[in-house]
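Q: Just so you know, the protein sequences line up as chains A and B, in that order.
Residue numbering for the first sequence is 102 to 523, as defined by my numbering.
Residue numbering for the second sequence is 102 to 523, as defined by my numbering.
Protein chains: 2
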Amino acid sequence: MLHKKDWENTFDKKVLPPKGMRDFLPNEKKLREDMMTIIRKEYRKNGFNEIETSFIESIKRLENSDGGENTELLFRILRREDNLNLADGEATDLTDLGLRFDLTLPLCRFYSRYQTMLPKIFKSIQIGNVFRAEKPRAGRYNSFIQCDIDIIGDATNMAEIELINTVSRVFIKLGVKGFTIKLNDRRILQALVEYAGFPKEAYMDVILTLDKLDKRGKDGVVEELVAKGFDQQHIDTFMSTLELLEIGGLAKVAELDLSVEGAKNVRDIISVFDSPSNEFAIIYDPTVARGMGYYTGTVFEITYQGIGNSLAGGGRYDQLINRVSNLEMPACGFSIGFERVADLLKSQDCSFKKERRLAVLMACEENRKSLIEDTNLLKENYDVVSIYKQDEDMDAQLQVLKEQGYNYYTSYCDMIKIKPIE
Amino acid sequence: MLHKKDWENTFDKKVLPPKGMRDFLPNEKKLREDMMTIIRKEYRKNGFNEIETSFIESIKRLENSDGGENTELLFRILRREDNLNLADGEATDLTDLGLRFDLTLPLCRFYSRYQTMLPKIFKSIQIGNVFRAEKPRAGRYNSFIQCDIDIIGDATNMAEIELINTVSRVFIKLGVKGFTIKLNDRRILQALVEYAGFPKEAYMDVILTLDKLDKRGKDGVVEELVAKGFDQQHIDTFMSTLELLEIGGLAKVAELDLSVEGAKNVRDIISVFDSPSNEFAIIYDPTVARGMGYYTGTVFEITYQGIGNSLAGGGRYDQLINRVSNLEMPACGFSIGFERVADLLKSQDCSFKKERRLAVLMACEENRKSLIEDTNLLKENYDVVSIYKQDEDMDAQLQVLKEQGYNYYTSYCDMIKIKPIE
Chain A
102 MLHKKDWENT
112 FDKKVLPPKG
122 MRDFLPNEKK
132 LREDMMTIIR
142 KEYRKNGFNE
152 IETSFIESIK
162 RLENSDGGEN
172 TELLFRILRR
182 EDNLNLADGE
192 ATDLTDLGLR
202 FDLTLPLCRF
212 YSRYQTMLPK
222 IFKSIQIGNV
232 FRAEKPRAGR
242 YNSFIQCDID
252 IIGDATNMAE
262 IELINTVSRV
272 FIKLGVKGFT
282 IKLNDRRILQ
292 ALVEYAGFPK
302 EAYMDVILTL
312 DKLDKRGKDG
322 VVEELVAKGF
332 DQQHIDTFMS
342 TLELLEIGGL
352 AKVAELDLSV
362 EGAKNVRDII
372 SVFDSPSNEF
382 AIIYDPTVAR
392 GMGYYTGTVF
402 EITYQGIGNS
412 LAGGGRYDQL
422 INRVSNLEMP
432 ACGFSIGFER
442 VADLLKSQDC
452 SFKKERRLAV
462 LMACEENRKS
472 LIEDTNLLKE
482 NYDVVSIYKQ
492 DEDMDAQLQV
502 LKEQGYNYYT
512 SYCDMIKIKP
522 IE
Chain B
102 MLHKKDWENT
112 FDKKVLPPKG
122 MRDFLPNEKK
132 LREDMMTIIR
142 KEYRKNGFNE
152 IETSFIESIK
162 RLENSDGGEN
172 TELLFRILRR
182 EDNLNLADGE
192 ATDLTDLGLR
202 FDLTLPLCRF
212 YSRYQTMLPK
222 IFKSIQIGNV
232 FRAEKPRAGR
242 YNSFIQCDID
252 IIGDATNMAE
262 IELINTVSRV
272 FIKLGVKGFT
282 IKLNDRRILQ
292 ALVEYAGFPK
302 EAYMDVILTL
312 DKLDKRGKDG
322 VVEELVAKGF
332 DQQHIDTFMS
342 TLELLEIGGL
352 AKVAELDLSV
362 EGAKNVRDII
372 SVFDSPSNEF
382 AIIYDPTVAR
392 GMGYYTGTVF
402 EITYQGIGNS
412 LAGGGRYDQL
422 INRVSNLEMP
432 ACGFSIGFER
442 VADLLKSQDC
452 SFKKERRLAV
462 LMACEENRKS
472 LIEDTNLLKE
482 NYDVVSIYKQ
492 DEDMDAQLQV
502 LKEQGYNYYT
512 SYCDMIKIKP
522 IE
């Protein structure tokens, strides 16, 4: 016989989703769908068009992308042949497909496929789940939603300006105010790496370490650079110059002659949005690096007081489409971290729209034809009309209905008298 | 050197999604999202609450479900260990997870997990992708959307009535009129199988063959029953009785004493909806069987003139939750085959809402701050406001914008004069 604890363990396992995966109860799902509707509508209002790419991509394409450490977090799908030759093969031979880990690689494939059918400057929306086999921990899930907009075909920073304008409008519509948009340019970072004395080819390695500053602090960054075997002198110069830039801003970038184009680019973009009436701040932040290898110019993220991780991030990736299909095509994108924003709004107990919810209580089982016809008419005037059997203890039932968000009720024998649930 | 044809093949492969998977261009994606909005809103209006379950489930749970042939169409996910012991293992040992093939099994798991937090009668919505590794062919995809509603906890046929009322309202809102709802009851089918002389245990085998009537015709069904080794006499009686039922309807069911409860159930449901003012027909169809093993009572589907496959289907499955978690709980569900409805609406060139789309053409690169501020104001009055660089040949540009659905434009030097695109 099983002990109770053992039995509960069995039971739990049987009804839980796999580790790192989630189910959503109605209240949370409602918040998520409302968020998605707002994001989708505002993206679209700003001239972007939604596309959809498949959840599943060829494993080779995923492995050979420039996805940084994401390529080590793949969910690989077993080939569907009857007789897989296991004894001979390596793990990679057993799989031909994998789940996408972001929406940017599929977008580049999509654009390469359909370029001739798309506008010269293509402004795309992609909203959907991506999958990463990370060790699950608080705030990190193995399946999560990204909400991306991208502009392909515009080499000018009008692309950055439109992306930033659109995403900031979305945040305001979501009720997230007082956020900060932080800008940097990979060309400034590259010049800084060289200025500090690092060898040219160390650039990406240094940048990817700098990206961890949020989580590990300056000491953590220094530690990792030391561990990577870089010269202490170069590391010291790098960190102290970063501090100079944090104080001196773009003027200091110019003074040190780090990257004229990079500095002009960042200044241009900030000047468009820098206004006292704005509901957000926009600043140059020399420590913003972003963790993907493929960025070539502007990089940006949105931060919010008290939240360690950024709520959105993106940048310019002018060489990525080229890598998929030998098509030289400038591109720039911005991605909202849907889960972090959802967690934030959930913690603020946010709900977007109060619904008029009517419960129709059946007092008898008779005359269901007119019950259905009459409730259908009521659906014109209420957001929700739901039929329930009337319980003997109607007070208790109304209490439960109230907890489910119902604010009106009627008994079916008495359809005309609709009463509020107090 | 590659021949052109070879080169094209290489190129195509690189930019195509995997076989059976799809990408969606903006126009088609817009139709799909509009459909989804209508379905979601109407489901909710009728008192159902949306939940979400994970795309990925434990492989054991998927394999041990009552999913019929779907369990042979699983996408299996390789374990994420560094050293998989390939030489020893069988394919099943290599995988721990799989992609869900429907939304019903995850719902039963979800309900078993959260039962204490859910209303006594739980009316759920689930909308999402499911995955089946079928040989891709026209109209069959390896990843597709299902839109399910289910009522858990109601043993009466008010559940069937609410499901049918809701789904028929959705079809009318989608502009699909003149459809037919076909009802049957598994208890009538079971009695019919016994009446024909088949052994009792042959029931499910005969039903699953009957489900193929749409596609294979009566001869095909007889052929498969013969191939399965059933007695010719039993097969003949079965087919001829089916024909009697097709002519005589529920009266014939009663006359042959096939299933009193089944016949009453079907008659009850039809009587609620049978009205000359209805925009759809509702009938008893003795050949409706449904292909899942788990149905226990009412089964139904929606058909539409000229389309071989049903557009929606469902039924009562009172024993399925029991199988997941030893919880006796009546349940009934209805699922819209989103892809088939989308294909139908696409073929009818349907579009749900005409948008006011304004293109703002930048004549110069200057003054982008006020460009952004001014276009943001215009967003209050248009569904879409998108900025483009003004081309030298503006007539040609307006033509292209018109093709993209823009119906208004303005030049940035002349923001006040907004003109229609003729």
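Ideal Cβ positions, reconstructed from N, Cα and C, are used throughout, including at glycine.
#1: Can you give the beta carbon distance from PHE125(A) to ILE152(B), rounded, assuming they're within the 8 Å contact cut?
#2: With three or more beta-carbon pairs closer than 8 Å as the criterion, would you say the segment 492 to 511 of chain A touches the segment 451 to 461 of chain A?
#3: Using a Cβ cut-off of 7 Å, pull out every chain A residue sitting near LEU198(B), in sequence order please.
#4: Three-state secondary structure (DSSP) at CYS451(B)?
#5: Does TYR215(B) have its Cβ less than 8 Å from a Cβ in chain D?
#6: Could you tell me which residues DSSP pairs with PRO528(B) in its beta bridges?
#7: Return the residue from the list LEU445(A), ARG441(A), LYS283(A) and ALA443(A) that minimises the CA-CA distance to GLU347(A).
#8: Roughly how many angstroms lie between the CA atoms of GLN498(B) and ASN243(B), to the nearest whole one?
#9: Show which residues of chain A have a CB atom less than 8 Å away from the CB atom of VAL486(B).
#10: Can you pull the chain B residues whose beta carbon is under 7 Å from the beta carbon of LEU132(A), in chain order?
#11: Applying a beta-carbon distance threshold of less than 8 Å, which residues of chain B neighbour TYR489(A)?
#12: Compare the beta carbon distance of VAL400(A) and ARG288(A) with 8 Å and say whether it is the shorter of the two.
#13: In three-state DSSP terms, what is HIS104(A)?
#14: Run down chain B in chain order and give the residues with a C-beta less than 8 Å from the C-beta of GLN449(A).
#15: Taking only beta-carbon atoms, is ASP124(A) less than 8 Å away from chain B?
#16: GLU153(B) versus chain A: which residues are under 7 Å apart at the beta carbon?
#17: So what's GLU109(A) in DSSP terms, helix, strand or just coil?
#18: Ignore the nearest five residues each way along the sequence and tell me which others in LYS301(B)'s own chain have a CB closer than 7 Å to its CB.
#19: On the three-pair Cβ rule with 8 Å, is the segment 323 to 335 of chain B touching the segment 226 to 237 of chain B?
#20: Using a Cβ-Cβ cut-off of less than 8 Å, list which residues of the segment 263 to 274 of chain B approach chain A; keep chain order.
#21: Indicate whether at least one CB of chain A lies closer than 8 Å to the CB of ILE178(B).
#22: Following the continuous beta strand (DSSP E) through SER225(A), name the residue where it begins and the one where it ends.
#23: Quick one: is GLN500(A) near chain B, going by C-beta distance under 8 Å?
#24: Please identify the residue among GLY407(B), MET463(B) and GLU261(B) whose C-alpha is closest to the C-alpha of ARG417(B).
#25: Check each candidate in CYS451(B), PHE374(B) and MET495(B) and name the one with the smallest Cα separation from GLU55(B).
#26: What does the alpha-carbon distance come out to for the pair GLY318(B) and GLY415(B)?
#27: Less than 8 Å between CB atoms is the rule here; does MET137(B) satisfy it with respect to chain A?
#28: With DSSP as the reference, label MET122(B) as helix, strand or coil.
#29: Mind checking who TYR489(B) pairs with in its DSSP beta bridge?
#30: Considering Cα atoms alone, identify which of VAL327(A), LEU206(A) and ILE157(A) is closest to GLY168(A).
#31: Enumerate in chain order the residues of its own chain whose CB-to-CB distance from GLU429(A) is below 6 Å, with the five nearest sequence positions on each side excluded.
#32: The beta strand (DSSP E) spanning ASP251(B) covers which residue range?
#33: State the Cα-Cα distance for the pair VAL268(B) and SER155(B), rounded to the nearest angstrom.
#34: For VAL425(A), which residues in chain B fall below 9 Å Cβ to Cβ?
#35: Rounding to the nearest angstrom, what Cα-Cα distance links GLN500(B) and VAL307(B) in this structure?
#36: Taking the straight line between their C-alpha atoms, what separation do you get for LYS106(A) and LYS115(A)?
A: Considering the structure as presented:
#1: With a Cβ gap of about 6 Å, PHE125(A) and ILE152(B) count as contacting.
#2: Yes, since at least three Cβ pairs between the segment 492 to 511 of chain A and the segment 451 to 461 of chain A fall closer than 8 Å, the two stretches touch.
#3: Taking a Cβ-Cβ threshold of 7 Å, the residues of chain A close to LEU198(B) are PRO119, in chain order.
#4: In the three-state reduction of the DSSP assignment, CYS451(B) falls in the coil class.
#5: The structure shown contains no chain D; the protein chains it does contain are A and B.
#6: Outside the shown range of chain B (102 to 523) lies residue 528(B), about which nothing can therefore be said.
#7: The shortest Cα separation from GLU347(A) among LEU445(A), ARG441(A), LYS283(A) and ALA443(A) belongs to LYS283(A).
#8: Roughly 39 Å separates the two Cα atoms.
#9: Against VAL486(B), the close residues of chain A are LYS146, ASN147 and GLY148, in the order they occur along the chain (beta-carbon pairs closer than 8 Å).
#10: By Cβ distance, chain B contributes nothing, its closest Cβ being about 11 Å from LEU132(A), past 7 Å.
#11: Going along chain B in sequence order, the residues near TYR489(A) (Cβ under 8 Å) are ILE222.
#12: In this structure, ARG288(A) does not lie closer than 8 Å to VAL400(A) by Cβ.
#13: Below a pLDDT of 50, predicted positions are generally treated as unreliable, and HIS104(A), at 43, falls in that range; no measurement from the model is reported.
#14: Chain B residues near GLN449(A): none, gap ~21 Å exceeds 8 Å.
#15: Interface residue, yes.
#16: What GLU153(B) touches in chain A: ASP124, PHE125 and LYS130.
#17: Because the pLDDT at GLU109(A) is just 43, under 50, the model does not fix this residue reliably, and the value given afterwards should be weighed accordingly. Assignment of GLU109(A) by DSSP, reduced to helix, strand and coil, places it in the helix class.
#18: If you ignore the 5 residues before and after LYS301(B), its C-beta comes within less than 7 Å of the C-beta of GLU295, all in its own chain and listed in chain order.
#19: Judged by Cβ distances under 8 Å, the segment 323 to 335 of chain B makes no contact with the segment 226 to 237 of chain B, as fewer than three pairs qualify.
#20: Listed in sequence order: GLU263, ASN266 and ARG270.
#21: At least one C-beta of chain A is nearer than 8 Å to the C-beta of ILE178(B).
#22: It spans 223 to 232 - the beta strand (DSSP E) in which SER225(A) sits, taken as one unbroken run.
#23: Closer than 8 Å: no.
#24: Relative to ARG417(B), the option among GLY407(B), MET463(B) and GLU261(B) whose CA is nearest is GLU261(B).
#25: Because residue 55(B) is not part of the residues shown, which for chain B are 102 to 523, the question remains open.
#26: One Cα belongs to GLY318(B), the other to GLY415(B), and the distance between them is close to 21 Å.
#27: No, MET137(B) lies away from the interface with chain A (no Cβ there is under 8 Å from its Cβ).
#28: Correct three-state label for MET122(B): coil.
#29: DSSP, once it has assigned bridges, lists LEU462(B) as partnering TYR489(B).
#30: Looking at the Cα atoms, LEU206(A) is the closest of the given residues.
#31: Excluding the 5 residues flanking it on each side, GLU429(A) has same chain C-beta neighbours closer than 6 Å at ASN423, in chain order.
#32: Run containing ASP251(B): 244 to 253, per the beta strand (DSSP E) assignment.
#33: If I take the Cα positions, the gap works out to 24 Å.
#34: The answer, in chain order, is LYS115 and VAL116.
#35: Computed Cα separation, rounded: 60 Å.
#36: Caution applies to LYS106(A), whose pLDDT of 45 falls short of 50 and renders its modelled position unreliable; the value that the coordinates give is listed next. Going by the C-alpha atoms only, they are around 14 Å apart.
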